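Listed in order, the protein sequences are those of chains P and W.
The first sequence runs 5 to 217 under our numbering.
The second sequence runs 189 to 662 under our numbering.
Beta carbons are placed, not taken as given, at the ideal position from N, Cα and C, and that holds for glycine.
Since this is a predicted model, take the numbers as computed values, not measurements.
Working notes, structure below.
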Amino acid sequence: MTRDHILHRIRTALGRSAGQAVADPPPVRIRIPAVDRAERVKSFAFRLEALAGKVCRVATPEDACGLVASMVEGKRAVASNAPFLAECGITAFAGVETGITGREQLREKCASADVGITSADYALADTGSLVMLSSRGEARMISLLPPAHIAVVPVDRLLTGLDELFSIVPHPAEVSSSMVLITGPSRTADIEQILVRGVHGPGQITVVLVGSG
Amino acid sequence: MSTEFDQKIHETLADPKLQLAIYTSTARLKQNRVNMVAADVLPDYQELRSQANAVKKHTIENLDHYLEQFESNLAARGGKVVYCKDGTEVADFVLGLAKERGARLIVKSKSMTTEEVDLNERLEHHGLESVETDLGEYILQLAHEKPYHIVAPALHKTRYDVAAIFTHSLHVPNETVIENQTMLARRVLREKFLAADIGISGANFLIADSGAVVLVENEGNARLTTTAPRIHIAVAGIEKVIPRAQDLATFLKLLARSATGQLLSVYTSFLSGPRRAEEIDGPDELYVVLLDNGRTRLLPDKEKRQTLFCIRCGACLNTCPVYRKIGGHSFPWVYSGPIGAILTPQFMGVAHEPALPFASSLCGACGEVCPVKIDIPKILLDLRSEVKKSETREKQNRLEKFAFRAFAWLMTHPRIYEMAGRIAGAMAPSADGKWISSVPPLMNAPPVRAWLRERDLPPPPPRSFREMWRQRQR
């Protein structure tokens, strides 16, 4: 069997035997800087805007609802089942498809939608990233198929960066089959190193940060 | 040197358009990296490199343990590991699965590992359609070419080349605006994504404590490849495993910065198993192919096994004075640049292209930029020595041997060395301070001529260092 053959070759080459104990790996390197919320918001906006993303700040869920309503007016939109979107009332207005739980239906809606609306589990201040764990509330395709993506995120989910993320979620596999970090709009520079956005994923990304402080 | 290697190098050197394309692209990537790892931007850069090196070293030294751990954790999440020793076994596995599931259309995201085993060609030979979806890879697939660069595969193609390729293969009107070309590819490939039965990806990292595949990309095609079809197959070299999800806090900071000068690539996907019961989308089946294809040959040598630390960022290509002249397609296998020069001889055997470890100026730039601190120059020297040792007695160049012995003797006899220097200086033509680019007539012997053909010499100084030193002493 190839499996046993390869593992045997590896062990012979390394001078190890099957099941032999392993010394501890080097300690993980996690450094979380102390950055207050205002600084985090500033950094997040700076990083995402540098990538041609948009960042909006609103104080309340109602304000978020009004803002998103104006952004998707006259467009076909699909919203995820994230509880926070329902809390904002974003799932309730005309033109927004939501509550989808079937894969085929979701794929069809997303393939023809102009905008996908989601929340996010976390956001990372020092890179301008969204962190999305796939779940019943948050399907993968809504942030992927439509040409524009709007994410509505409570400001207290804004972490300093990767190190804090991996200290809060040390084992993403226990939570979901898919964790994706989204850092700006989809882009390519494969032809003559000229930057083009929206090659396969959304070319526009807007993050609405909700809450004060 | 094989004639093919020699010929491709000279073709590349003689093509000014290609020279410009290689030079400008690598210069940009190189500068982007430099900006992102500068001490005021990333103060702990050197610490991160050391940490990445230590983690890779530990993992490779205990590779069997981490592969088994990866395998059992993936199985616990409903995925399956398939070990393959070579490209034939990878193709057999994919073909078998496709037949069982009645699959016909495959979408692929960028993977050097699948390039290594010519997976597309093997699948298409058996009647499957396998479509590359990374824009650069898609262009190259239509042009029937291999990647020119680990990170920027179509670096050598201009917008006019792309227009010609699209017109010819897709039967569309001539289109030379890059944005429109990109949107055309988006439309064509979107249909493929939505119709595909299987998605094949590579893997940037495999996480042992999670049974997870990590994919890093900018376009979103890897996300689509691993989300839209019902089956996801990730093809990865056995060396891709790292112990813990938390190690990503180190590796992700290094990879995108070194590759393209980004803080993070646009999409980083952490995929552990097929979709779960409560999740709405994602694949129903997930397989991870663990490929050997020569990798286990590198493990016995404690020094050279560090070649397997490579995270395929391409930084060594962009900084290499040799790659930047001879380009990607001169190299005899899919891996080019300094990493290709140490990886290919070890995967394929030094006899595959004995001249390869010599295609380096040993300037050390590759080792300096490597985010996982692979000592590439040292390994190049080891491989050179291996090539020389492997040459049969008849093939050994007596003249070369004599020349090096004479050189060693000369270097240990300072008086004679000085005299030789004076004679050589007198033999060189007076070049009025300009570099000597043609062979001086008195040195026009065949081996000297061959050596000088590709090299220019600085003009001999009026006085040697020793003479100046003696004068100072007086």
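Who are the neighbours of residue i on chain W, taking C-beta pairs under 7 Å?
i	result
Arg33(P)	Gln239, Ala437, Thr438
Ala17(P)	Thr484, Leu487, Pro488
Thr105(P)	Ile468
Arg144(P)	Thr415, Asp469, Gly470
Gln208(P)	Within chain W, no residue comes near Gln208(P); the closest Cβ sits about 13 Å away, beyond 7 Å.
Asp167(P)	Ala437
Gly57(P)	Within 7 Å Cβ-Cβ: nothing; Gly57(P) doesn't reach chain W, min ~10 Å.
Ile14(P)	Leu251, Asp252, Thr484, Leu487
Thr131(P)	Leu451, Leu452
Leu148(P)	Gly408, Arg411, Leu412, Thr415
Secondary structure at residue i, three-state DSSP: helix, strand or coil?
i	result
Arg134(W)	Chain W is shown only over 189 to 662; residue 134(W) falls outside these bounds and no answer can be derived.
Val32(P)	coil
Met631(W)	helix
Ile146(P)	helix
Ala155(P)	strand
Gln24(P)	coil
Arg662(W)	coil
Thr364(W)	coil
Gly390(W)	coil
Phe50(P)	helix
Ser357(W)	helix
Ala511(W)	Reading the sequence as shown, one finds Tyr at residue 511(W) and not Ala. Three-state result, Tyr511(W): helix.
Met5(P)	coil
Gly552(W)	coil
Met183(P)	strand
His198(W)	helix
Starting from the beta carbon of residue i, find every residue of chain P whose beta carbon is closer than 8 Å, and list them in chain order.
i	result
Ser635(W)	The amino acid at residue 635(W) is misidentified as Ser; the sequence shows Pro. Under the 8 Å cutoff, chain P gives no residues; its nearest Cβ is about 40 Å from Pro635(W).
Thr214(W)	Simply none; closest approach about 10 Å.
Less than 8 Å between the C-beta atoms of residue i and residue j, yes or no?
i	j	result
Ile195(P)	Ser133(P)	no
Ser123(P)	Leu89(P)	yes
Thr532(W)	Pro520(W)	yes
Asn362(W)	Thr355(W)	yes
Pro559(W)	Leu442(W)	yes
Gly266(W)	Pro462(W)	yes
Cys498(W)	Ile562(W)	yes
Thr210(P)	Cys60(P)	yes
Gly275(W)	Leu230(W)	no
Thr200(W)	Ile527(W)	no
Ile121(P)	Val173(P)	no
Asp232(W)	Val32(P)	no
Residues of chain P with CB under 9 Å from residue i, in chain order?
i	result
Pro462(W)	Ser181
Lys345(W)	Asp194, Ile195, Glu196
His246(W)	Val26, Ala27, Asp28, Pro29, Pro30
Cys498(W)	Those do not exist, as Cys498(W) stays about 18 Å from chain P at its closest Cβ, beyond 9 Å.
Give me the chain P residues within the contact set of residue i, using Cβ-Cβ distance strictly less than 7 Å, ordered along the chain.
i	result
Gln434(W)	Val32, Ile34, Phe170, Pro174
Pro431(W)	Pro29
Enumerate in chain order the residues of its own chain whose CB-to-CB distance from residue i is below 7 Å, with the five nearest sequence positions on each side excluded.
i	result
Glu574(W)	Val538
Ser398(W)	Asn261, Ala433, Ser460
Thr415(W)	Asp469, Gly470
Asn220(W)	Thr448, Gly449
Glu303(W)	Lys334, Pro335, Val522
Lys79(P)	Gly99, Asp118, Val119
Glu53(P)	Val59
Lys492(W)	Leu486, Gln534, Ile567, Asp570
With a CB to CB cut of under 6 Å and the five nearest residues on each side skipped, what residues in its chain are close to residue i?
i	result
Ala279(W)	Arg310
Pro477(W)	Residue 477(W) is actually Val in this sequence, not Pro. Once the five neighbours on either side are set aside, the close Cβ partners of Val477(W) are Val270, Cys272, Val278, Val423.
Met183(P)	Leu137, Pro176
Glu112(P)	none
For residue i, collect the residues of the same chain with a Cβ closer than 8 Å to its Cβ; drop the 5 residues on either side in sequence, then sort them by chain order.
i	result
Gly609(W)	Ser652
Val627(W)	Val636, Arg637, Leu640, Arg641
Ile624(W)	Ala616, Pro617, Asp644, Leu645, Pro646, Pro647
Gln329(W)	Asn308, Val319, Glu320
If the cut is a Cβ gap below 9 Å, which residues of chain W does residue i touch?
i	result
Arg115(P)	The question names Arg, yet the displayed sequence has Ala at residue 115(P). The contacting residues are Arg378, Leu382.
Ser47(P)	Going along chain W, no residue has its Cβ under 9 Å from Ser47(P), so there is no contact; the nearest lies around 11 Å.
For a contact meaning CB atoms closer than 8 Å, what does residue i contact in chain W?
i	result
Gly188(P)	Val454
Is residue i a contact residue of the ligand SAM, with contact defined as CB to any heavy atom under 7 Å?
i	result
Ala81(P)	Annotation note on the ligand SAM: not contained in the displayed structure, which lists no ligands.
| message | I'd like to know if the segment 284-304 of chain W and the segment 383-398 of chain W are in contact, where contact means that at least 3 CB-CB pairs between them fall below 8 Å. | response | yes
*Three or more C-beta pairs below 8 Å linking the segment 544-562 of chain W and the segment 583-601 of chain W*: no
**Request:** Would you be able to state if there are at least three C-beta pairs under 8 Å between the segment 73-88 of chain P and the segment 202-212 of chain W?
**Result:** Cβ pair count under 8 Å is below three, so no.
Quick check: the segment 327-341 of chain W against the segment 155-173 of chain P, are at least 3 beta-carbon pairs closer than 8 Å?
Remark: fewer than three beta-carbon pairs, one from each stretch, lie closer than 8 Å, so the segment 155-173 of chain P and the segment 327-341 of chain W are not flagged as touching.
So, does the segment 452-459 of chain W touch the segment 497-505 of chain W, judging by three or more C-beta pairs under 8 Å? Counting Cβ pairs under 8 Å, fewer than three are found: no touch.
Pair every Cβ in the segment 223-235 of chain W with every Cβ in the segment 400-415 of chain W, then say whether three or more of these pairs are closer than 8 Å. Counting C-beta pairs with one atom in each stretch, the segment 223-235 of chain W and the segment 400-415 of chain W have fewer than three that are closer than 8 Å, which means they do not touch.
Per the contact definition of three or more C-beta pairs closer than 8 Å, is the segment 111-118 of chain P in contact with the segment 146-156 of chain P?
-> yes
- Message: Below 8 Å, how does it come out for the segment 6-26 of chain P and the segment 237-252 of chain W: are there three or more Cβ pairs, yes or no?
- Response: Touching, per the Cβ criterion.
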